[in-house]
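Encoded as structure tokens, the structure appears first; notes follow it.
Dropping the structure here:
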């Protein structure tokens, strides 16, 4: 795995991540991720991102009803097939320096709110839209 992070004037941050995987089942995979974080005003961040993945299939992968009864090992799990995936999205996070609530004993203090929307596609036809939402509090 390799990571590269770069920042410019505390407003723009570029992240790059590369991972490689291999195993004795014959799977070889490579994943590349890019993200760019832009903070136009303190506490507000925009986060476009992309992820690309390519993998070879397992030596023991067969499509449904293609494996022989005499094969010692076989799988029809499509996650172990040869495939390519990609995902692109945009996240937004608001995180003021000390939260927005006065810190009082027994009261939760707001720290951040975050949402992310992504589109995912896989070469076997699987696709999805992903929406996440998060809130952060300190007790």
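Numbering (this note's numbering), first residue to last: 1 to 139. Idealized CB from N, CA, C, for every residue including glycine.
Cβ-Cβ distances below 6 Å link residue 95 to 43, 112 in the same chain, with the five nearest sequence neighbours on each side left out; the list follows chain order. The segment 43 to 58 makes contact with the segment 77 to 84; the number of CB pairs closer than 8 Å reaches 3 or more.
Taking 7 Å as the cut-off, the beta carbon of residue 26 is found no closer than this to the beta carbon of residue 67. Sequence-distant partners of residue 45 (beyond 5 residues in either direction) whose C-beta falls short of 6 Å from its own C-beta, in its chain, are 37, 39, 93. In the three-state reduction of the DSSP assignment, residue 116 falls in the strand class. Residue burial is scored here from C-beta neighbours: residue 133 has fewer than 16 other C-beta atoms within 10 angstroms and is therefore classed as exposed. For residue 78, the three-state secondary structure derived from DSSP is helix. Contact check for residue 117 against residue 90 passes: the beta carbons are separated by less than 7 Å. Here residue 48 is bridged, per DSSP, to 90. Here the C-alpha atom of residue 11 lies approximately 38 Å from the C-alpha atom of residue 79.
Residue 70 and residue 63 have their C-alpha atoms roughly 16 Å apart. In the three-state reduction of the DSSP assignment, residue 18 falls in the strand class. Residue 137 is classed as exposed because its beta carbon has fewer than 16 other beta carbons within 10 Å across all chains shown.
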